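3 is the number of the first residue of the sequence shown in our numbering; add one for each residue after it. Cβ coordinates follow ideal geometry from the N, Cα and C atoms, glycine included. Since the model is a prediction, treat every value here as computed from it, not as a measurement. Written out below as structure tokens is the structure these notes cover.
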Amino acid sequence: MRNLFTALKQDTHANHAILENTFPFSMYHKDSEFNHEAYLAILNIMRVFHQTTAETVKQAALQIPSLSRIASMLNSEVVLLALNNDTHALSSVTLSAQQRYNDTHAKLEPTTRIKNKDEPVLNAQAIAQLTPCSNSTTSQAIAAIYVWLGSSMGANIIVRRLEAMTLDIPTEYYQAMAGCAKAWVSFKQEVETLLPELGLDNESFVKNAVQDANAWFEFLISLGKRTAPNDTPYHEANV
Numbered sequence: 003m004r005n006l007f008t009a010l011k012q013d014t015h016a017n018h019a020i021l022e023n024t025f026p027f028s029m030y031h032k033d034s035e036f037n038h039e040a041y042l043a044i045l046n047i048m049r050v051f052h053q054t055t056a057e058t059v060k061q062a063a064l065q066i067p068s069l070s071r072i073a074s075m076l077n078s079e080v081v082l083l084a085l086n087n088d089t090h091a092l093s094s095v096t097l098s099a100q101q102r103y104n105d106t107h108a109k110l111e112p113t114t115r116i117k118n119k120d121e122p123v124l125n126a127q128a129i130a131q132l133t134p135c136s137n138s139t140t141s142q143a144i145a146a147i148y149v150w151l152g153s154s155m156g157a158n159i160i161v162r163r164l165e166a167m168t169l170d171i172p173t174e175y176y177q178a179m180a181g182c183a184k185a186w187v188s189f190k191q192e193v194e195t196l197l198p199e200l201g202l203d204n205e206s207f208v209k210n211a212v213q214d215a216n217a218w219f220e221f222l223i224s225l226g227k228r229t230a231p232n233d234t235p236y237h238e239a240n241v
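The structure is reproduced here in structure tokens:
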């Protein structure tokens, strides 16, 4: 049997790369310019992702109580509060920038605008249609936590890069995710203990977990593809 985490790393690499090159996440490439609207889009997408995965993990832990040992590592309440705070702060900045642009330029095309923070990336029905399905409650929950905590590993780097700018960019979300990153080693250790307890230390579970992790990556990619770039030329610095 392959090691679960080796299989996850190797077999989700392709989707991980696709995600990094999908708008708005592609903004984080070193040669990309910082764009307030793209950053706000990232925060809105991640809010959908975290809300959806947190609920999936919560329901799984209700069915399989032993999963609560890893479910708590998400620190979901803190992460979601940080996302709300950042989107509120950033919306104020971007809407102000849009107004300044409108005041000094010719009339914009109707499709050129910045979303209000309360305007959802997708409606509930669309999110439900995109949300991954799984044959295994346990593998779907573990895969969700894997993608959640895995995405936290670069949070410290992003915080440092954003704070190095003089743009007063809100980074509470990435600071919260940096805190989640501290649970990575404990998560892997706990999963390796849990699987034998649940009778899931087998190749079939590894296959299901990889499939579910890729499904979560594809969920993020789909959310990104539904967030079209805006025409507003408001960007200030290199990330």
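- Counted as a single uninterrupted DSSP element, the beta strand (DSSP E) harbouring Phe36 occupies residues 35 to 37.
- Under the three-pair Cβ rule at 8 Å, the stretch 85 to 96 does not count as touching the stretch 181 to 191.
- DSSP places Cys182 inside the alpha helix (DSSP H), whose first and last residues are 174 to 183.
- For Ser154, same chain residues with a beta-carbon under 6 Å away, outside a window of 5 residues either side, are Met179, Cys182, Ala183 in chain order.
- Uninterrupted alpha helix (DSSP H) stretches at least 4 residues long and entirely within the stretch 18 to 93 occur at 38 to 65, 70 to 73, given in chain order.
- Counting other Cβ atoms within 10 Å of its Cβ, Met167 stays below 16 and is therefore classed as exposed.
- Taking C-beta separations shorter than 6 Å and ignoring five residues to either side along the sequence, the partners of Tyr176 in its chain run Ala157, Ile160, Val161, following chain order.
- Listed in chain order, the non-local C-beta contacts of Phe219 below 8 Å within the same chain comprise Thr14, Asn17, His18, Ile20, Leu21, Val149, local neighbours out to five positions each way being set aside.
- Its Cα nearest to that of Val81, the residue Thr54 stands out among Ala62, Phe189, Thr54.
- Within its own chain, the residues whose Cβ lies closer than 7 Å to the Cβ of Leu10, once the five positions on either side in sequence are excluded, are Tyr148, Ala211, Val212, Ala215, listed in chain order.
- The three-state reading of DSSP puts Thr133 in coil, since its state is none of H, G, I, E or B.
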